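Which chain is which? The protein sequence lines are A and B, in order.
Counting in the working numbering, the first sequence runs from 239 upward without gaps.
Counting in the working numbering, the second sequence runs from 239 upward without gaps.
Data block below; observations after.
2 protein chains.
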Amino acid sequence: MSSSRIPEATVARLPVYLRALNALLDSGQATCSSEELAAAAGVNSAKLRKDLSHLGSYGTRGVGYDVEYLRYQIAREIGLTQDWPVVIVGIGNLGHALANYSGFSSRGFRTVALLDADTSRQGEVVAGLKVRDFDELEAIVSEHGVAIGVIAAPASAAQAVCDKMVAAGIRSILNFAPRILAVPPGVDVRKVDLSSELQILAYHEQRKSGADRVPTTEVGAS
Amino acid sequence: MSSSRIPEATVARLPVYLRALNALLDSGQATCSSEELAAAAGVNSAKLRKDLSHLGSYGTRGVGYDVEYLRYQIAREIGLTQDWPVVIVGIGNLGHALANYSGFSSRGFRTVALLDADTSRQGEVVAGLKVRDFDELEAIVSEHGVAIGVIAAPASAAQAVCDKMVAAGIRSILNFAPRILAVPPGVDVRKVDLSSELQILAYHEQRKSGADRVPTTEVGAS
DNA sequence: TGCACTTTGTGAACGAGGGAACAAACCGAG
DNA sequence: CTCGGTTTGTTCCCTCGTTCACAAAGTGCA
């Protein structure tokens, strides 16, 4: 059951478990039960145990999980025991925030270059890195073996940036621009869509407050 | 089939359809087929049609959908025909980016206040709004009828900010801090987790490049 | 009007994910 | 060694979501 394929939903939760384990480790806890870890991760314990069972049997019945050991196993499974060089394209407001975000530079990920097509931004130093020209992308990818690219450019430029990234050999893209990206097979794109998230909240909020205003009782059969 | 409950997966895609329709409208297209719209939204046409069928029958067989009409219907369904006042708490790098992000201020959402507990940040003007003290949250929420809050504060402060928001009457929260938030029933939280997204990409990237390096053939039975 | 053609809306099969419940395994006391 | 208590790993079942395939409904032309 260990090295077969891990369900996508489980993969998406592994980073959450990892963060919860780090927090437990910081608080000095050596072992934890599935109940404890599940509470810290915001899921129920049955789901947690099933998720972990996809990686292997890393717990001890009657005892629980060794925090440090489990943390390492999850990190290894995700691939954080190796170093991932990352390139960020588009150093506007969002690009600045991402470059300075500690979660990006720490723990397995290393920002090796900040790029922008706007010459007025080039040369500026952000988070210890000088902003370089977008045309240098291919050279940088080759030099550092970059596999992951982050697009923080405006929507109008996103597809062009994406195409260049793919041409340069990048096969995993994190896209912050509000645009659907077309990529060839074998390239993964994950999008972080700020306005979509807000709109989803608005939908539910409308239904919450609308329950006492809009009756929706049009079912009155004659 | 129109006004019953809409599946969560469909709700999550409605903003994508809305954006695709806006793009079509900008390019001057008056009608579109499900195939066209699906391509623009990055889904297959069967899924698109089923999603739209949950809202009602807004298309014409043999013809397609009227872009402007469908756009309005989706916007109404999401709740974007009304105005949603929003408060952003935590005006660091990310808060700056969010405040300036056009997708937040336009189209139904209006940022009414930027708050920060750090006195050194207060008074600064960002995106036309002066940064105010976090303690003013409750007054602002009452005054503007704010239902949606955005947390861009550091992880260590996120839960405290969340609690204050809930106490002030906010029932929908968009959380950018890397921390699981505990909220009472009736409050919705959506999280945008930058480092999780990167880690998920890393996982898949590892499997892609690992296929020719790590054999994973430990199945050799004795 | 009648017919060929296009496109939507939906029914049904299929697959993935979630939750409850339980057997298997481990610990520690006596 | 045995037994009670605890916690994991797994099985079963149900719900939700996706995809296929097709009938229903419209258009335009002869």
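Backbone N, C-alpha and C define an ideal beta-carbon position, used for all residues, glycine too.
A quick note: this is a predicted structure, and the numbers were derived from the prediction, not measured.
Would you tell me roughly how many angstroms separate the C-alpha atoms of I293 (chain A) and E315 (chain A), rounded to the nearest one?
Ile is not the amino acid found at residue 293 (chain A); the sequence shown has Leu there. Distance from the CA of L293 (chain A) to the CA of E315 (chain A), rounded to the nearest whole angstrom, comes to 8 Å.
Should R417 (chain A) go down as buried or exposed, given a rule of 16 or more other Cβ atoms within 10 Å for buried?
buried
For D371 (chain B), report the span of its beta strand (DSSP E) as first-last.
367 to 371
Near R359 (chain A), which residues of its chain fall below 7 Å by C-beta distance, leaving aside the five closest residues on each side in sequence?
I329, V369
Starting from I386 (chain A), find everything on chain B with Cβ-Cβ shorter than 9 Å and list it in chain order.
L436, L439, A440, E443
Within chain A, partners of P416 (chain B) - CB distance below 7 Å
R257, G341
Identify the continuous beta strand (DSSP E) that holds G387 (chain B) and give its terminal residues.
For G387 (chain B), the enclosing beta strand (DSSP E) covers residues 386 to 389.
Cβ of V249 (chain A) less than 7 Å from any chain B Cβ?
Any Cβ of chain B closer than 7 Å to the Cβ of V249 (chain A) would place that residue at the interface, and such an atom is present.
Listed by chain order, chain B residues near F347 (chain A) by CB distance under 9 Å:
S433, L436, Q437, A440
Span separating the alpha-carbon of K402 (chain A) from that of Y303 (chain B)
Approximately 34 Å between the Cα atoms of the pair.
Considering only residues of the same chain and omitting the five flanking positions on each side of R309 (chain A), which have a CB-CB separation below 7 Å?
L256, L259, N260, L263
I want to see whether chain A comes within less than 7 Å of R428 (chain B), judged by CB atoms only; does it?
At a cut-off of 7 Å between C-beta atoms, R428 (chain B) counts as an interface residue with respect to chain A.
Within the region 255 to 325 of chain B, ranges of the beta strand (DSSP E) (whole runs, at least 3 residues)
302 to 304
For D426 (chain B), report the span of its beta strand (DSSP E) as first-last.
426 to 429
Residue span of the beta strand (DSSP E) that contains S410 (chain A), given as start and end
410 to 413
Measuring straight from C-alpha to C-alpha, what distance separates A391 (chain A) and G333 (chain A)?
8 Å
Specify the secondary structure class of V399 (chain B) as computed by DSSP and reduced to three states.
helix
Which one of A:P423, A:R428, A:G407 has the shortest CA to CA distance from F210 (chain A)?
Examination of residue 210 (chain A) is not possible in this model, given that chain A is present from 239 through 460 alone.
Do N338 (chain B) and N338 (chain A) have their C-beta atoms closer together than 7 Å?
no
Does L286 (chain A) come within less than 7 Å of chain B when only Cβ atoms are used?
Under the 7 Å criterion on CB atoms, L286 (chain A) is classed as non-interfacial with respect to chain B.
If you compare alpha carbons, which of B:A405, B:L412, B:T298, B:P423 is closest to Q437 (chain A)?
B:L412
Count the other CB atoms, across all protein chains shown, that sit within 10 Å of the CB of A405 (chain B); report buried if there are 16 or more and exposed otherwise.
exposed
Would you mind reading off the limits of the beta strand (DSSP E) that contains V350 (chain A)?
347 to 354
Within chain B, the residues that I329 (chain A) reaches when beta carbons sit closer than 9 Å:
Neighbours of I329 (chain A) on chain B: none; closest Cβ ~11 Å, over 9 Å.
With distances taken between CB atoms, is the gap from Y441 (chain B) to V249 (chain A) smaller than 7 Å?
yes
Apart from the five residues just before and just after A420 (chain A), which ones in its own chain have a Cβ nearer than 6 Å to its Cβ?
Same-chain partners within the cutoff: there are none.
Of all Cβ atoms in chain A, is any one closer than 7 Å to the Cβ of A396 (chain B)?
False, the Cβ-Cβ gap to chain A never drops below 7 Å.
List the endpoints of the continuous alpha helix (DSSP H) containing S380 (chain B).
375 to 382
Could you work out which residue in A:D321, A:S295, A:I378, A:T269 is closest to L352 (chain A) when comparing CA atoms only?
A:I378
Measuring alpha carbon to alpha carbon, tell me which of B:E376, B:A335, B:V305, B:E443 ends up nearest S272 (chain B).
From the listed residues B:E376, B:A335, B:V305, B:E443, the smallest Cα separation to S272 (chain B) is found for B:V305.
Short check: CB of D431 (chain B) to CB of S410 (chain B), under 7 Å?
Taking the C-beta atoms as reference points, S410 (chain B) is found no nearer than 7 Å to D431 (chain B).
For the region 253 to 282 of chain A, list every residue whose C-beta sits within 8 Å of some C-beta in chain B, in sequence order.
P253, V254, L256, R257, A258, A278, A279, G280
V404 (chain B), DSSP secondary structure in three states
helix
Buried or exposed (CB count within 10 angstroms, at least 16 for buried), R243 (chain B):
exposed
What does R309 (chain A) touch in chain B if you count any residue whose Cβ is under 8 Å from its own?
In chain order: nothing, as chain B lies at least about 13 Å away.
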